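Notes follow once the structure below has been shown.
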Amino acid sequence: MENILCEFPYKNNSHIALVTLNRPKVLNALSTDLMHELVDCFLKLDTNPEVRVIILTGSDKAFAAGADIAQMVSATPIDQINDQRFRTWEMLKLITKPIIAAVNGFALGGGCELAMSCDLIIAGEDAKFSQPEIKIGTIPGAGGTQRLTRAIGKSKAMMMVLTGEMIDAKTAYEWGLVAKVVPSITLMQETFELALKISERAPVAIRLAKEAVNKSFEMTLKDGMDFERRNFYLTFASLDQKEGMQAFLEKRSPSYKGN
Ligand code: CAA
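Residue numbers (my numbering): 1354 to 1612.
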């Protein structure tokens, strides 16, 4: 792979994988090739039973500065339709394992959208988020008007999408876009510790929980509650549920096998 780095096991932990966007010369601009490589890598990690959590990161300067403008400048609408890039974006939704975005530096345009496509975002205190497409004569195309609005509400999303201005990590935290802000220098360590915590939970329950939370964006409250209840029942088909509850009653730590 030319545009990303994939490290598994990460830090010798047999359940955590690290994927790093790696086009430093263009601040990790998300080219079609990069998106293909990213989705291929995620799909492989998702089908590896050893992997329980995926961390996605960029560089200190940029998580990603958006879609590759050089690739798009002369594109026609038909070029955009034929370009498989957006199909790869859709495929991100297929990943069943938790993906944590560890964001340092710029997360702009498609970079912000990619971070929002992950399950949660941890930001270094120097991180900056924006949907700057309006400044280059277009609008977000990979969820910036939808996921951002759901995350921070209509007025703030309008302000970001209509001005293209950046917000800093502290604001992104206060507005609910990111789960936690940490010193930039400790971003990867703190993200690893969070990934470790999640990787120690029962994998089947993690998968069903992720699925249920994500459904809340697509369903009415009633349908979402029904979906959640079914996934709750389904956890009782797993040995890990028996182990988790038994371990609690026996006052010991559970040992989850992922079945
Ligand atoms: N696409 C292609 N190349 C990019 C890029 C992008 N999105 N962002 C940065 N680069 C390139 C620059 O052209 C520059 O290349 P050269 O060295 O060859 O000139 C290199 O990366 C370094 O960038 P800068 O010199 O501009 O660095 P800076 O520190 O002065 O500024 C920045 C950093 C504020 C992030 C600025 O680069 C910038 O504004 N980038 C564009 C951000 C943007 O508009 N993103 C939205 C893209 S559209 C989109 O994402 C659509 C969608 O929803 C799918």
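Where a beta carbon is used, it is the ideal one built from N, C-alpha and C, also for glycine.
All values derive from a computational prediction rather than experimental measurement.
Cβ contact annotation for V1404 (same chain, cutoff 7 Å, sequence separation greater than five): F1361, H1368, A1370, L1398 and K1450, in chain order. Burial check for I1538: the Cβ neighbour count within 10 Å stays below 16, so the residue is exposed. Counting along the chain, G1497 sits inside no beta strand (DSSP E), nor does DSSP assign it H or E at all. Note that the C-beta distance between I1431 and L1387 is not below 8 Å.
In this chain, I1434 is not harboured by any beta strand (DSSP E); it is covered by the alpha helix (DSSP H) spanning P1430 to N1435. The secondary-structure analysis by DSSP pairs V1406 across a beta bridge with I1369. For L1391, the uninterrupted alpha helix (DSSP H) segment begins and ends at T1385 to T1400.
Contact check for G1463 against G1490 fails: the beta carbons are separated by 8 Å or more. Rounded to whole angstroms, the separation of the alpha carbons of G1577 and S1569 is 6 Å.
In this structure, DSSP gives A1455 an extended state, which the three-state scheme calls strand.
Under the DSSP assignment, F1482 falls in the beta strand (DSSP E) whose first and last residues are K1481 to S1483. Relative to the ligand CAA, the beta carbon of K1488 is positioned inside 7 Å of a heavy atom. According to DSSP, residue pairing for I1475 in a beta bridge involves A1455 and K1533. G1611 places its beta carbon 8 Å or farther from that of P1536.
Rounded to the nearest whole angstrom, the CA to CA distance from I1422 to I1505 is 26 Å. Within the DSSP bridge table, the entry for Y1363 names N1366 as partners.
Bounds of the beta strand (DSSP E) holding A1415 are A1415 to A1417. In summary, V1534 is buried, with 16 or more beta-carbon neighbours lying within 10 Å of its beta-carbon over all protein chains present. Per the coordinates, the alpha-carbon of P1556 lies some 26 Å from the alpha-carbon of E1466. For D1436, the CB contacts under 7 Å within the same chain, skipping 5 residues up- and downstream, are T1385 in chain order. For V1379, the shortest separation between its Cβ and any heavy atom of the ligand CAA lies below 7 Å. For V1557, the uninterrupted alpha helix (DSSP H) run begins and ends at P1556 to K1568, by DSSP.
Using a cutoff of 7 Å, the CB of E1527 does not count as near the ligand CAA, since none of the ligand's heavy atoms is closer than that.
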